[in-house]
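Trainee:
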Amino acid sequence: MYHKEVIAFKAYLRQAIANFAAVNNSPNPPKIPSHSKPTKICGSGSGRSKNVEKNVPVAITQLPKAPQVLQNTWVTVARNGHKKARATTNSNVNITPMRKIRPRESRKEKSPATPDKRLFLRLPQEHEWRKLSPAGICEIIVKKLSISPTLIGRIKPIHSGFALSPCSTEAREKVLNARNGLFLTGAKLEEATNWATVLIPTVPAVIRKEQGEVEVSNSMLADEVERVCSMRPAYLKLFGGNKTEAPHRTWMAFFPKAPRGSFNVFDESGIARPFK
Numbered sequence: 060m061y062h063k064e065v066i067a068f069k070a071y072l073r074q075a076i077a078n079f080a081a082v083n084n085s086p087n088p089p090k091i092p093s094h095s096k097p098t099k100i101c102g103s104g105s106g107r108s109k110n111v112e113k114n115v116p117v118a119i120t121q122l123p124k125a126p127q128v129l130q131n132t133w134v135t136v137a138r139n140g141h142k143k144a145r146a147t148t149n150s151n152v153n154i155t156p157m158r159k160i161r162p163r164e165s166r167k168e169k170s171p172a173t174p175d176k177r178l179f180l181r182l183p184q185e186h187e188w189r190k191l192s193p194a195g196i197c198e199i200i201v202k203k204l205s206i207s208p209t210l211i212g213r214i215k216p217i218h219s220g221f222a223l224s225p226c227s228t229e230a231r232e233k234v235l236n237a238r239n240g241l242f243l244t245g246a247k248l249e250e251a252t253n254w255a256t257v258l259i260p261t262v263p264a265v266i267r268k269e270q271g272e273v274e275v276s277n278s279m280l281a282d283e284v285e286r287v288c289s290m291r292p293a294y295l296k297l298f299g300g301n302k303t304e305a306p307h308r309t310w311m312a313f314f315p316k317a318p319r320g321s322f323n324v325f326d327e328s329g330i331a332r333p334f335k
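With the numbering used here, you'll find the sequence shown wraps up at 335, consecutive numbering, no jumps.
1. Pull the bridge partners of serine 328 from the DSSP assignment, please.
2. What residue range is occupied by the uninterrupted alpha helix (DSSP H) comprising serine 278?
3. For arginine 291, is the beta carbon positioned less than 7 Å from some heavy atom of the ligand NAP?
4. Can you tell me whether DSSP reads serine 108 as helix, strand or coil?
5. Let me check understanding here. Comparing Cα to Cα, which of Lys335, Pro318 and Thr309 lies closest to glycine 329?
6. Taking 8 Å as the cut-off, decide whether the C-beta atoms of arginine 405 and alanine 251 are in contact.
7. Kindly list the residues whose CB is nearer than 7 Å to the CB of glutamine 270, restricted to its own chain and excluding five residues on each side of it in sequence; keep chain order.
8. When you compare only the Cα positions, how much space is there between lysine 215 and glutamine 184?
9. So, with DSSP's three-state summary, where would you put isoleucine 76?
10. With respect to the beta strand (DSSP E) encompassing arginine 267, which residues constitute its N-terminal and C-terminal limits?
11. Return the residue from the list Tyr294, Arg231 and Ser205 that minimises the CA-CA distance to isoleucine 211.
12. Taking 8 Å as the cut-off, decide whether the C-beta atoms of lysine 247 and isoleucine 206 are in contact.
13. Assuming the contact rule is C-beta atoms closer than 8 Å, histidine 307 and threonine 261 should be a hit. Round their C-beta distance to whole Å, please.
14. Out of Leu258, Leu280 and Lys202, point me to the one whose CA is closest to proline 333's CA.
15. Run through DSSP, which three-state label would alanine 293 get?
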């Protein structure tokens, strides 16, 4: 009986190997015919004369899957003969982005800022020269400083007065050296300055005094700022859209250097803060 089972198992293996060589995927293993032991007849007459069939357990070995490799295996040789196996390429190729391949471009050095060579004629808000045109200002500057009109190239009105553009560096030095001629005129001629700008919010539009209501003017606010922070602003102007009938206004003050500490004006305004 054992010899028959071995023969059947060998036949099963040969058939499985042939099927495996014919196709890539392993086929379902064929059913192994079941064998039964011969019938035993008991002569004692004890009642156990029935035919008893017992299925012989057969261990089915599951064949491992053939690894997919690039080289020739005995499966590919048996299937294709001695033909050269197809070379399979891996589609999952890691491609390095171009941004990583390209070297980082060195940052271009920023060119230094061109210094401002203009001269500024600072005028109070109520100064009569504010009504003049650039040609009229040029005539006054030439007369007061006793200089040649060829030294001044261009004059442009600005918030604090007028900006003068000298024709050359030598002309700029000559105009600066003669600026004392503006003494007692209420005007100041100075170089460009990096102003420290301070925002003063909710400044009252009017001050109620014993004589009645007085509107807060530019000069009045400058005096108040100098009183509370011991530094007079070089220039003051209204900030943003302030309605005429509004009870409060927002002002901007320009200082040659930032004042120390915080302050408020007329004991009613908001706290002044640096404007950025």
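Beta carbons: idealized from backbone N, C-alpha and C, even for Gly.
Mentor: Taking the coordinates as given:
1. According to DSSP, serine 328 bridges with nothing at all.
2. 277–288
3. Among the components modelled here there is no ligand, and therefore nothing to report on the ligand NAP.
4. Annotation note: pLDDT 45 at serine 108 (below 50); position unreliable, coordinate value reported separately. Serine 108: coil per DSSP, three-state reduction.
5. Nearest C-alpha to glycine 329: Thr309.
6. Only positions 60 to 335 of the chain appear in the structure, and residue 405 is not among them; the question remains open.
7. none
8. 17 Å
9. helix
10. Where arginine 267 is concerned, the enclosing beta strand (DSSP E) stretches over 265–268.
11. Among Tyr294, Arg231 and Ser205, the Cα nearest to that of isoleucine 211 is on Arg231.
12. no
13. That belief holds up - the Cβ atoms of histidine 307 and threonine 261 are roughly 4 Å apart, short of 8 Å.
14. Leu258
15. coil
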